[in-house]
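Worksheet: the structure to be examined is printed underneath.
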Amino acid sequence: MVDSVLETLLNEHDVARITGLSVASVRRWRLLRQGPKYVKIGAAVRYKPDDVAAWLETRPSGGGQQA
């Protein structure tokens with residue numbers, strides 16, 4: 345199980361690509377504690393795909409139909 349988790353960890357560049365935003369935005373979220381949960385491995389920051397998906401689900405969305 346541990347091997348499968350380690351193989352799927354994302355770096356901040358992966359998260360930026362997934363969200364379509366800049367690496368600077370991902371870093372800012374982390375600094376302000378507003379982004380997805382992350383794991384520190386020494387100086388490296390990694391994200392579990394499930395944590396990124398869960399965080400994206402909590403983001404406001406628009407475009408709903410009005411009555």
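In my numbering, each residue's number is its place in the sequence shown (first place is 1) plus 344.
Each residue gets a CB set at the ideal place from its N, CA and C atoms; glycine is no exception.
In this structure, the beta-carbon distance from ARG371 to GLU356 falls below 8 angstroms. Nearest C-alpha to LEU400 among THR363, GLY406 and ALA368: THR363. Rounded to whole angstroms, LEU353 and SER369 show a C-alpha spacing of 19 angstroms. In terms of Cβ geometry, ARG374 and VAL396 do not form a close pair [threshold 8 angstroms].
By the CB criterion at 8 angstroms, TYR391 and VAL367 fall outside the cutoff.
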